[in-house]
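Novice: Take this structure first; my questions come after.
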Amino acid sequence: MERQQILDLYEWGDGTCFRHPEQGPILTTLVKVLHPRGAGRHEVRACEDCVIAMEDIRREAAARAGREYEPGHIGECDM
Numbered sequence: 777m778e779r780q781q782i783l784d785l786y787e788w789g790d791g792t793c794f795r796h797p798e799q800g801p802i803l804t805t806l807v808k809v810l811h812p813r814g815a816g817r818h819e820v821r822a823c824e825d826c827v828i829a830m831e832d833i834r835r836e837a838a839a840r841a842g843r844e845y846e847p848g849h850i851g852e853c854d855m
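Throughout, my numbering is defined as the position within the sequence shown, counted from one, plus 776.
Written out as structure tokens, the structure reads:
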């Protein structure tokens, strides 16, 4: 699958990438919602480059485990 096809599987909006907070608000997608004790709700968001990097990691892990890779599910438990 091409880069843009993978990115199109996600919903995008302004946010701060968890790996690049110094960039400030940029185009990101929601990866996970954390609920720290006593701290309410915290969204973990990722930029396009980070989404592609995480999808690459998922694809490689699926290949090693002999499982089929399906893009579009970062933030979900694969194991």
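Every residue gets a Cβ at the ideal spot worked out from N, C-alpha and C, and that includes glycine.
Straight-line CA distance for M855 to E819?
Specialist: Locating residue 855 in the sequence shown gives position 79, where the first residue counts as 1. Locating residue 819 in the sequence shown gives position 43, where the first residue counts as 1. The pLDDT assigned to M855 is 49, lower than 50, so where the model puts this residue is not dependable; a value taken from the coordinates is nonetheless given after this. Each residue's alpha carbon lies about 22 Å from the other.
Novice: Comparing alpha-carbon positions, which option in I850, R834 and L803 lies nearest R843?
Specialist: Locating residue 843 in the sequence shown gives position 67, counting from the first residue. Here the closest residue by C-alpha is R834.
Novice: So, are the CB atoms of R817 and V807 less than 8 Å apart?
Specialist: In the sequence shown, counting from the first residue as 1, residue 817 sits at position 41. In the sequence shown, counting from the first residue as 1, residue 807 sits at position 31. Cβ atoms of R817 and V807: not closer than 8 Å.
Novice: Opposite G791 in the DSSP bridges: which residues?
Specialist: In the sequence shown, counting from the first residue as 1, residue 791 sits at position 15. G791 is bridged to I802.
Novice: Along the chain, where does the alpha helix (DSSP H) containing R813 start, and where does it finish?
Specialist: Taking the first residue of the sequence shown as 1, we reach residue 813 at position 37. Here R813 belongs to no alpha helix (DSSP H), and DSSP marks it neither H nor E.
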